[in-house]
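*Asks:* According to this note's numbering, the sequence shown is numbered sequentially starting from 10.
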Amino acid sequence: MKALGDLVHWLTDPANWQGSHGIPVRVFEHIELSAISVILALLIAMPIALYLGHTGRAGFIAINVANVGRALPSLALLAFGLVIAISLGLGLGFWPTVFALVPL
10 MKALGDLVHW LTDPANWQGS HGIPVRVFEH IELSAISVIL ALLIAMPIAL
60 YLGHTGRAGF IAINVANVGR ALPSLALLAF GLVIAISLGL GLGFWPTVFA
110 LVPL
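Structure, rendered in structure tokens:
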């Protein structure tokens, strides 16, 4: 019960609702991260899906490639994205996470 009380106290503390680290800012960051990941995934997958659906070929290969992408652990993708982002000078948080979310 102490954890629930601590949660209520944290949520009702005005300091957590304002400033650059407040809850509204973090919610917007989460929505932005999710939206960019979904848009990138659509931009990658939609042309391929439309082509394969129109021609009716290579469906078996497309399904297997998609399943391999789903089998990759998110943490491994995040670690790989972190290495790439550091080497490209993109930072540590946003772009490695987008890289991990796009295949999912």
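Yeah, the Cβ is synthetic: ideal placement off N, Cα and C, and Gly gets one too.
None of these values were measured; they are calculated from a predicted model.
1. Check the C-beta distance from L61 over to A67 and give it rounded, since I have them as a contact under 8 Å.
2. Leaving out five residues on either side along the sequence, give the residues of the same chain with a beta carbon under 6 Å from the beta carbon of T21.
3. So, with DSSP's three-state summary, where would you put M55?
4. Determine the closest residue to L86 out of V107, H39, L59, K11, with distance taken between C-alpha atoms.
5. What distance in whole Å lies between the Cβ atoms of V111 and F49, which are believed to be in contact at a cut-off of 8 Å?
6. Could you tell me the distance, in whole angstroms, from the CA atom of A114 to the CA atom of R35?
7. If you reduce the DSSP assignment to three classes, tell me which class H30 lands in.
8. Compute the Euclidean distance between the alpha carbons of P33 and Q27, then round it to the nearest angstrom.
9. Under the rule that 16 or more other beta-carbon atoms within 10 Å means buried, what is A12, buried or exposed?
*Replies:* By the coordinates alone:
1. Right, their Cβ atoms sit about 6 Å apart.
2. none
3. In the structure shown, M55 adopts helical secondary structure according to DSSP, grouped into three states.
4. V107
5. It should be pointed out that residue 49 corresponds to Leu in this sequence rather than to Phe. At roughly 5 Å, the Cβ-Cβ gap stays under 8 Å, so L49 and V111 are in contact.
6. Not covered by the structure: residue 114. The range shown for the chain is 10 to 113.
7. In the structure shown, H30 sits in coil (DSSP, three-state: anything other than H, G, I, E or B).
8. 8 Å
9. exposed
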